Amino acid sequence: MTHSQRSLAAVAASLLSFSVSAGSISVGPTTLMADTSAKHVAVTLHNSGDASVRYQVKAVGWDQATGQNVFSPTTEIVGAPTFVNVPPQSKRTVRLMRVGALGERRYYRVLLMQLKDPNAQGVQLLVNQDLPVAFEAANAPVPKVTVQAVPNGYRLTNHGQTAARVSSIGPAGGKPWREGALGWTLPGASMTYETQPGQRAENLSITVNGQPVTVPVGR
């Protein structure tokens, strides 16, 4: 991994820890998806507070070729605008415009980085946002996935043509061990989903792109 990739990974990792609804700002939608033919996606920032909030908008490339999330500089997609001021009790829309790789499947992260208010007094808590962006085939079937047991959980491999968005994992026919936005596995990639010690089963029920699928566990 290059120095620039490490820097972007550190920034994105810090952003990943924040909610998409923090303080007076809420963001929607929380997942930006469009067909490969689309030229842009859009996100709206709502400010319910009594002070303006400013953000810098930055997009980075996203892949998982190493089995981890890797972020890299990109010129294929840009924010419009790249800086946005959201007045109190107002909303603003930011578009992510494709300027390269048009018509191709691509995945990005959009980073909304809150800027300091030069007029504010005292310590400022800056809340950043990180949202996934997908340009992939619309109405595609749920991607086929396989899983393998690993010491800290299960490693899921995506054999499909679209991202596998995992929202639950557990034993087939039983109660899920984990639920929620557990993560994405991009096409052709493998990612580990951690579980507690002792949470083992021969077959798993995994919710992928909103659909439950039963998957035998490989060794």
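Read left to right, the sequence shown gives residues -22 to -1, 1 to 197 (mature numbering (1 follows the signal peptide of the UniProt record, and there is no 0)). Each residue gets a CB set at the ideal place from its N, CA and C atoms; glycine is no exception. Remember, it's a predicted structure, so these values are computed and weren't measured experimentally.
Classification of residue i by the beta-carbon crowding that lies within 10 angstroms, buried from 16 upward
i: residue 108; result: buried
i: residue 205; result: Residue 205 is absent from the model: the chain starts at -22 and stops at 197.
i: residue 57; result: buried
i: residue 38; result: buried
i: residue 140; result: buried
i: residue 168; result: buried
i: residue 53; result: exposed
i: residue 125; result: buried
i: residue 178; result: exposed
i: residue 142; result: buried
i: residue 5; result: buried
i: residue 101; result: exposed
i: residue 104; result: exposed
i: residue 110; result: buried
i: residue 197; result: exposed
Bridge-paired residues (DSSP) for residue i
i: residue 92; result: 33
i: residue 155; result: DSSP lists no partner for residue 155.
i: residue 173; result: DSSP, once it has assigned bridges, lists no residue as partnering residue 173.
i: residue 149; result: 182
i: residue 99; result: According to DSSP, residue 99 bridges with nothing at all.
i: residue 10; result: 111
Residue i to residue j span [Cα, whole Å]
i: residue 121; j: residue 137; result: 6 Å
i: residue 188; j: residue 99; result: 45 Å
i: residue 238; j: residue 25; result: Missing from the structure shown is residue 238; the chain here goes from -22 to 197 and no further.
i: residue 95; j: residue 30; result: 9 Å
i: residue 76; j: residue 9; result: 17 Å
i: residue -16; j: residue 151; result: At residue -16 the pLDDT is 46, less than 50, meaning the model places this residue with poor confidence; the figure from the coordinates comes in the next sentence. Spanning the two alpha carbons is a distance of roughly 43 Å.
i: residue 186; j: residue 65; result: 38 Å
i: residue 89; j: residue 130; result: 29 Å
i: residue 112; j: residue 83; result: 8 Å
i: residue 165; j: residue 51; result: 20 Å
i: residue 195; j: residue 133; result: 10 Å
i: residue 176; j: residue 170; result: 16 Å
Contacts around residue i, its chain only, beta-carbon distance under 7 Å, and the 5 residues preceding and following it disregarded
i: residue 202; result: Here the chain covers residues -22 to 197 and nothing more, so residue 202 does not appear.
i: residue 93; result: 32, 33 and 34
i: residue 18; result: 73, 74, 75 and 76
Neighbourhood of residue i by C-beta, 8 Å cutoff - its chain only, sequence neighbours within 5 removed
i: residue 60; result: 34, 35 and 36
i: residue 81; result: 14 and 15
Beta-carbon proximity list for residue i, same chain, < 6 Å, skipping 5 on both sides
i: residue 55; result: 37, 74, 76 and 86
i: residue 156; result: 147
i: residue 27; result: 2 and 66
i: residue 45; result: 168
i: residue 149; result: 179
i: residue 41; result: 48
i: residue 69; result: 22 and 24
Residue range of the beta strand (DSSP E) that includes residue i
i: residue 194; result: 189 to 196
i: residue 48; result: 48 to 51
i: residue 108; result: 107 to 113
i: residue 68; result: 68 to 76
i: residue 133; result: 131 to 136
i: residue 22; result: 18 to 25
i: residue 126; result: 123 to 128
i: residue 58; result: 55 to 58
Test: residue i CB closer than 8 Å to a CB of chain D
i: residue 121; result: The question asks about chain D, but that chain is absent: this structure has only one protein chain.
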